[in-house]
Every structure is written in structure tokens, then in C-alpha cells.
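A short write-up of the structure that comes next.
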């Protein structure tokens, strides 16, 4: 039997922001026992994934080793860490472990997919550990922008790994545990093989600001606001939601929660005992019965999501509530790169309604949940690992994080999705390259990233679509003219005649001079008709369109 | 004959950033003589305008009054001010006026569309004026991020209007005229009816930085850079391009220009005498013959445009040049909201190549060309107008600009695209609402914003497409089964059978029980087949797809 090895394999999150999924293994080569850390999702966009509902990590590699998986550990309840549990559980079939709040959210997701709540086990924090095959895994409380975030201590005979999960260093986070320097330092006392560390904010040079600095600013803001106020933030940021609600309460405003995730998150935090001082809330129906200046709406949709409460209020109405001149809308959030267009659209819609919009451009009403560079330095110094492996970040973040580690004399390992790293020796090395990718949840179907489905949709969006129908008789002679239908194309082009007429004429002309063997050969005929259709649209409208050719033969 | 009135009508740029197009009129109501200020474009995106090449203002209102137009005045040579001249000239048919550099660029565009260069007249700066019908128009030099930008003084019997165009207040802009406070103050001495003023940076509270502060920072940066350096900025920012090239020259680096617009802009600036101290450049072929540390590439594509030089270098190669580990790429630019994804993609591609990327996140290597709030205040105080009409900005910018004017005791007028403002009386008022919009240049065809062409493309991108073909015989009986082809849809769904098979079976089942009068009625039959196809895809894959039905009847 071959020697055991300790390995690390990111399947998502390393080379991107979102869709976190990391694998650790220990055992004989290619027969390691495995654990999975996080099963997150990422979100589609019109540029690259039109029509897609959700993006999941491709877990084909894991599925093929289903029997080797001893557990799935979820660090915290953000969608990009827990969002795929319901979608992928069946294919992995291992028990899920998380702390209480995260487990509460995970169970809701499991239930939506018809799985038992028992598939999720609630774990107490460090020093308790879970034994999973050759691993002992402990959940070490760490501060982030959602309650009960945890770094993981992953012990095996191969040595200790510390996996930070997403974090910031906040000694006064409002809700949830403060960052405990001594606790984190204590993890390092017998040496740490590798620190696998959050990297998203590596380019932010300032020290991180505490969540506790936001509440007072919001309170000041509410002190001067007139009319109705709506505030949006990530619903999962319970500390923020609580700060806003308490500030509202002190300003004599009743809080109304709008948006499904806002209600669900507060419910989960209350159920798990994290939130016992949340002001009582009013229903959307009650809002009309209270003077506007006594209302604060706490709403979802800080990223401009089209169907969320913010967007619907900006469209004019949500749950019977309409904002108007003299009201104020507060973004207690930052816009994630790529979401600017949606957020700006909302801002302008409110502007048209006469609603004042206040955002975080002055740096008062939001703080990041991720460690900036000085905090990353602190973490590295506390853990003092043999190697630092940056995770959760785009390539540029991981690369920069490696650079700063190496500048500090710590070995850095740049491992992106699919790079299996062997941590057994003194120097981590790439053991193998695994094929990874994304799985698209498209409607109710899971579609592979490279199946061509989305590529075809993008092509139709860029080029429009032509359907060519042709009927041939028993002698392979065309029965009448070919028939064309277009979608997503201008009605006429250069010839100033209807585009379909020009197409049909050109195709008919071709058929008139086509050889018998072409007419008898479906593949050949289809290819020719497509080529002509594309040539004609290019000449008429300057576009090579997508073409579907349907040839019917009477027999 | 009715009394003459002075009117202002934005057709583009008021309520958006980009696509500037403003109309001024003087004369009897509805028979005013008109002038047009700027004919700009804006750029498509995948979210709302997939496949579109360029977006132009809808000038239907102007075209219907072609004989009333006395001139088209272009303030400066940015695409969002001059980009539509070639596309729309024929429909407006009025002489185009601009200063030398802008005229040079405008003539190139006219030539591309086969128009005479004589259609563009070069105008000397203020105090010279052009007489256009009842108007006298003067080009007043103003600082911006492109040479020879001008504000316009528009005099008529209705009073003086000052139209700033895009501007910043820069007393040391490097290339082109410095902002001249005395000159601008002098325009106001007999009173100004309305100041029509740039608004894009109204939310930037800091004083604007001079272009002249950028060069020294770039020089410092080049002093420490190793390997090959590539720098990108807007090619039209001649001062910046010159600063970079001169810094390179001093650092012992030869400059190579990459990208069509980079070469064209430098050519235009040289032809018009604005640039007589640009270092000599080397060709892309020469780059290979020079040590990497002696090369600086000046490249297009600062906004991540897929086909530009930056994106192609990030993809691996452009004009035979490949960047590699140890090289540096500098964004001497800011990312326009909405372009983040493209820019970030390039950054990560370079990271993968080992190329260091430096951007303006530290605030060193770029300054905005637009007036921040303090500069807007200065302009308003210099001109001291009866009314301030904010232009060039989204609704939120215009609204904020009105607010600060009114807080300063100046009447503010919020006029978005399509709002015709009568400036004749003491209080500007809305005279009429004009239908406005956008015209899409799609391939070689101009498509109206509401023609449904783009809507259909977006639907196909979101929902995929099914073609249903059915042949009926002389007795209206189906000849064989209906035939389905899908594009942009998963191959199978819930039934675990091919989607097309399920579709065909469901459609065939319907035909089996369809009444004769349905089978005889194309419209009815098509509607039913579409409904069934959509119902089936919804059940199978969770999506209601777009459907094209082709019914052929043998007769």
C-alpha cells in the first residue's frame, strides 16, 4: 500500500469570487478519504450566462469518488458557501456539518429539495471537533458579515491545516463572536502545515473598519431624515440589519421587513438565539396606517436584483407600498463589481420619483466583511504557517496574496480551481490537474458549462435567428419555395424589400440550379441552405445569423 | 404671425451619460429655426442591446423639421458628442461646425460614410462666431480630457445661452487651452439667460485635479518598472497620451502605438498642430528587436473592449507582441460603470500571464475630465445665469445639480430628453413633450428601440428557441408527426427522454384530437401548437421557450 498523502483541491472559489468549494484529502494516492469545505453558488449574468438561474460548481470529480467523502463542512451561511447544498447533496451523499445558524439556513435549503433535516448536523464551536474519516475538524469562531462564521482547523496525520473561510478581524462585530487573537494564536502552537486564507480584499490597503462603527452613522442619518426611509443591505448581515432596526426604533420609526430573504434571515437568527433584541416589526399592510416619518422599510435587493424589493419599490410599488417625493432610500451596502448597471437603474428610478438616494460613497454606511491587507498580515502572523495558500479570490487576488506572503518569508502556493496540491512534503507541489468547471441550473435542468446550450443562446442574442423550411417530394424536387421565418432581425435591409422575401428568393434560386445529388442529401442540402441564408443576411443586414434548417421529404 | 420664442430640447444626454444631442430653437412657435449641439453615440451592452453595434439618438423629430435646421455644432471630438455625425448627417442635412481638431475627427467620420469633407466647417475660437439663422454661435475654449473642447455661446434675440459642453476647470491641461476664468466671466457681463451645464460629476465633492499632476506620477512609475510596460488610456486624451509617451522617452523607452484609434487620434492632433513634441514611435514589428525594458506600448481598450489592443494582449498576442512575466500593464484610466466585468477579465488574464497590473485605485494615474461639484459651483458663479439647466447626466445627476443651483439661489430646470423648454419668459417652462428614444445600428441596419427586434433576441437568450414544423395534406390532415428543432435548450429534462421527442409526442397527441376547424385555421393551429410547446418545455425543463411555428399545406 502506498504512502499516505495530504492534499488540497479547490473546485470553486480559487480564481473567482463566489462558488466556494474546496476539497481536502488524506490517504493513499488516489484513494484518499475526502472532506468538502463549502458548497457555494455564484450568480449568472446576461453577458456570459443568459437565462441561467444559478451557477454551481462542477462536482463530477467528487461524485466519481462519492464513497470516499466523509463529510461536508460549511463555514458560514452566505450563498457562495452554502447555496449549493440542496442542489448537490444527492450527488455527494455525505453528512453536512455546520454551526447552529449556518445549519439552520442549510436545513431550509435541504427541505426545499425534499431532503431530511437530519442530513445537517449542528456542531459546537472549537475546541469541539468532528471526526470525519482520518480528519478531525473544528469550527473556530471568526468575525465576518454574517453570524457564526467559522474558520476550520483540519487535523490529520498529515498535519494541521487552518482554513480561514471568509473573515475580517473585528473585535466588536455587533452580532456574533468577536475576533479572538489569543484563540487564533493558540491554534498555531504545535505548528501549522498550511494556512488556506481568504483573499478577496488583498488589494485594500487600509485597516478594516469594525461593524460597530456603522450603527452610529445610520443613527445620525436617521436623525435628520424626513418622510419614509427605506434601507437595503444584505439580509444575511444580521448585525447590520439589527443596527438599522435599532436606530430606527430610537428614531421613532417602526420597522417593516420587505423581501423573502430579509424575513428568513431574521427568523433564522432569532431561532438560533442570536437575535433577542430585534425591535418588533410591522406588516406591509400596517405601513399605510402610520405617518411616513415613522416608518423604516428594511428591504432586500442591495445589488439591484430585478425581482427584489428594492427594484420593485423603484418600479413604483411593492406590497402596496409606494415611495414618493421627500422619502429617502439608503444603500447600506457596496455594489459588487458587475452589478453597477442594476444599482444605477434603481437610483435613477428613485430620482425620477423625487426620492433622495444615499449610498456609501462617503464611506459611512457600510463596511466590508473581508480582511484587508493589514488583517491578512495579522492572520498570517498569528498562524505562522509553513505555507500560505490563498483561496477565495480572482487570479489577481491569489497572486498578490502569494506575493505578500513570500515577501514576508512565508512560502506561498498559487492554486486555482482544479490544481490538486500535495501538502505532504516540506514543499507543497502540484500533484495533478483536475478538470473543473461550472454547472448551470437552467430552469429545472442542470446544464454543463461546455454543453453548447448557453453558447447557442448567446449566438441567437447577438445574431438573431432564421428558420428555413423546405419540403421535397418523392423525386427530391422542391415542393414550392423554401419558407423563411426570422426572429430578432430587422424586417428589411439593403434591398428595401422584406428580409424574408430576399432570403426566400435567394434560397429558391439556389434550389433551381442545385444538382440532384445535393437535393437527395439532407446533410449537404442543409449545409448549403444555411450558408446561403447566412450570406444573404450578411449582404442585407450586415449580420451572419443563426439558422435552423428543416427539410421535410414526402415519401 | 405669432411671437418668437427661444427653446431648448435635449434629444440625448439628458437623463443618461453619453449620446449627447441638444436642440436650440428661435422663432415663431413650431416654426423655429433650429440648431443642433452635438450628435453623439452611446454603446450597447449585452443586458439590454445584445448584438447591437452602436446606439444613436432618435432624430425623427429633427428630420421632420430638416428645412428648419441651420447648423450642427460639435463641442468636442469624444464619441458621445461627435460619433453619430456620419450616421445621421443625411437625415439632417445641415452644415457641421467645429474647431480644427474636432473638425478633423468629424471629417474622418464623414469620409467613412462617403460624404464630402466640405460638409464640416472649421471655426476659429471665440470671439469669432458663426451665424446660423437667428443664432450667432461662438466656440469658447474650455478644458476637458480632449483638445479644443469648447463651450458654446449661443446668442439670439431671445438672449444669451451658455452651453458648457463637457468640461473641467484645469488651468494647466498639458495639451490645449487652459481654463480662462476671466474669459468665462466676460461672457456674463450683459447677462445670461441660461447656463446649460455638464453634470456627470456632480456627486464628486473634491476639487478637480489638473491633468498636469498625472505626468509626474507616470514618470515616477516608469522609473521603477522593469520589463516591458504597456499603458492604456482613452486615445482621445491627447494630453495623457503625450505625458505617457514623454515619460517613456525620458525613461529610455521607445513608444509603440497599438490600436487604430490611438494612431488616428495622434495623427489628428499632429495634423492640427496640437502635438509637435510627441516622441518618435516604433512599429509593432520593431518591438521584437529592442530589449523589453526599453519598450512602452501605448494601447487602446482601457474599458475592456473585447476587440481592442488591451484585450488582445491579455488574450496572448497582438500584432506579434506577447507580454510575459515581469512585464507591467498600466491602466491610466478609470472604469466607466458597467464596464467592470471586461476590465476585470483583462486584469486576471494578465495575472495568469505573470504580468503585474497597476490601476488608478491609488488615485495617481488618472484624473477625470469632468467638473466636480466645486468646479460646477465656480462655473455657475462665473456665468451667474438666470437659470441653470443641467445636461449630460443621468436623472440623479441632473436632479442633484438642480438642487445645488437652487440652494445657491439660481433657478434650476430639470429637463430630460424630450422635454422642450421655453426659455422666453422670466421663468423657463415645459412647452411640450417630444417622443424621443434611441436608434440602434444593428449590423448595417438602423433599428428602432421599440421595434421588438432586440426584445426578441433577449427573449431567445433567456428562454431558448423551438422550431415546430407541421405539414398538412389537402384534407387538412397532418402528414406525419410535427417536427421540432431546438436551439439554446438542454437536450433532455424531467422525462429523461430527448426534449424534442417529448415535444413531438405532446404536439402529435394534440393533433390527434384536434377539431377539423382548428386544423383548417393556420392562426388558430399555430397558436395552439405554440401554447403546447411552451407548456411542454415548462414541464420538462422549467422554461417557457420562444417558439416559431411553420405550417405548410400541400395543395
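Chains as they are written, first to last, in the UniProt record's numbering: chain A, 1 to 555; chain B, 1 to 555.
Every residue gets a Cβ at the ideal spot worked out from N, C-alpha and C, and that includes glycine.
Since this is a predicted model, take the numbers as computed values, not measurements.
Proximity test, Cβ basis, 9 Å: residue i and chain B
{"i": "residue 303/A", "result": "no"}
{"i": "residue 76/A", "result": "no"}
{"i": "residue 480/A", "result": "yes"}
{"i": "residue 376/A", "result": "no"}
{"i": "residue 334/A", "result": "no"}
{"i": "residue 503/A", "result": "no"}
{"i": "residue 350/A", "result": "yes"}
{"i": "residue 208/A", "result": "no"}
{"i": "residue 442/A", "result": "yes"}
{"i": "residue 534/A", "result": "no"}
Helix, strand or coil at residue i [DSSP, three-state]
{"i": "residue 157/A", "result": "coil"}
{"i": "residue 564/A", "result": "Since the first residue shown for chain A is 1 and the last is 555, residue 564/A is missing from the structure and cannot be characterised."}
{"i": "residue 483/A", "result": "strand"}
{"i": "residue 510/A", "result": "helix"}
{"i": "residue 239/B", "result": "helix"}
{"i": "residue 319/B", "result": "coil"}
{"i": "residue 203/B", "result": "coil"}
{"i": "residue 532/B", "result": "helix"}
{"i": "residue 413/B", "result": "coil"}
{"i": "residue 312/A", "result": "helix"}
{"i": "residue 28/B", "result": "strand"}
{"i": "residue 306/A", "result": "coil"}
{"i": "residue 65/A", "result": "coil"}
Residue burial classification, residue i (beta-carbon count within 10 angstroms, cutoff 16)
{"i": "residue 205/B", "result": "exposed"}
{"i": "residue 32/A", "result": "buried"}
{"i": "residue 221/B", "result": "buried"}
{"i": "residue 409/B", "result": "exposed"}
{"i": "residue 106/B", "result": "buried"}
{"i": "residue 109/B", "result": "buried"}
{"i": "residue 543/A", "result": "buried"}
{"i": "residue 522/B", "result": "exposed"}
{"i": "residue 349/B", "result": "buried"}
{"i": "residue 531/A", "result": "exposed"}
{"i": "residue 303/B", "result": "buried"}
{"i": "residue 459/B", "result": "buried"}
{"i": "residue 111/A", "result": "exposed"}
{"i": "residue 468/A", "result": "buried"}
{"i": "residue 15/B", "result": "buried"}
{"i": "residue 277/B", "result": "exposed"}
{"i": "residue 450/B", "result": "exposed"}
{"i": "residue 171/A", "result": "exposed"}
{"i": "residue 118/B", "result": "exposed"}
{"i": "residue 288/B", "result": "exposed"}
heavy atom of the ligand NAP below 8 Å from residue i C-beta
{"i": "residue 119/A", "result": "Questions concerning the ligand NAP fall outside what the structure shown contains, since it holds no ligand whatsoever."}
Chain A contact for residue i (CB, 9 Å cutoff)
{"i": "residue 543/B", "result": "yes"}
{"i": "residue 45/B", "result": "yes"}
{"i": "residue 554/B", "result": "yes"}
{"i": "residue 392/B", "result": "no"}
{"i": "residue 487/B", "result": "yes"}
{"i": "residue 363/B", "result": "no"}
Assess, as a yes-or-no matter, whether the stretch 198–218 of chain B is touched by the stretch 67–85 of chain B under the definition of 3 or more beta carbon pairs within less than 8 Å. no
Stretch pair the stretch 178–185 of chain B + the stretch 138–151 of chain B: three plus CB contacts closer than 8 Å: yes
Closer than 7 Å, Cβ to any Cβ of chain A: which residues of the stretch 444–476 of chain B, in chain order? 444, 445, 447, 453, 456, 457, 458, 460, 461, 462, 463, 464, 465, 467, 469, 471
Given 8 Å, three or more beta-carbon pairs between the stretch 493–505 of chain A and the stretch 405–416 of chain B: no
Residues of the stretch 336–347 of chain A whose Cβ lies closer than 7 Å to any Cβ of chain B, in chain order: 337, 338, 340, 341, 344, 347
When the Cβ atoms of the stretch 420–440 of chain B are set against those of the stretch 235–244 of chain B, are three or more pairs found closer than 8 Å? no
I want to know whether the stretch 226–233 of chain B touches the stretch 268–279 of chain B - three or more CB-CB distances under 8 Å. no
Are there three or more Cβ pairs, one per stretch, closer than 8 Å when the stretch 389–402 of chain A is compared with the stretch 351–365 of chain A? no
Count the CB pairs spanning the stretch 5–12 of chain B and the stretch 154–162 of chain B that are closer than 8 Å, and state whether there are at least three. yes
Check distances from the C-beta atoms of the stretch 47–74 of chain A to those of chain B and list, in chain order, the residues that come in under 7 Å. 47, 50, 51
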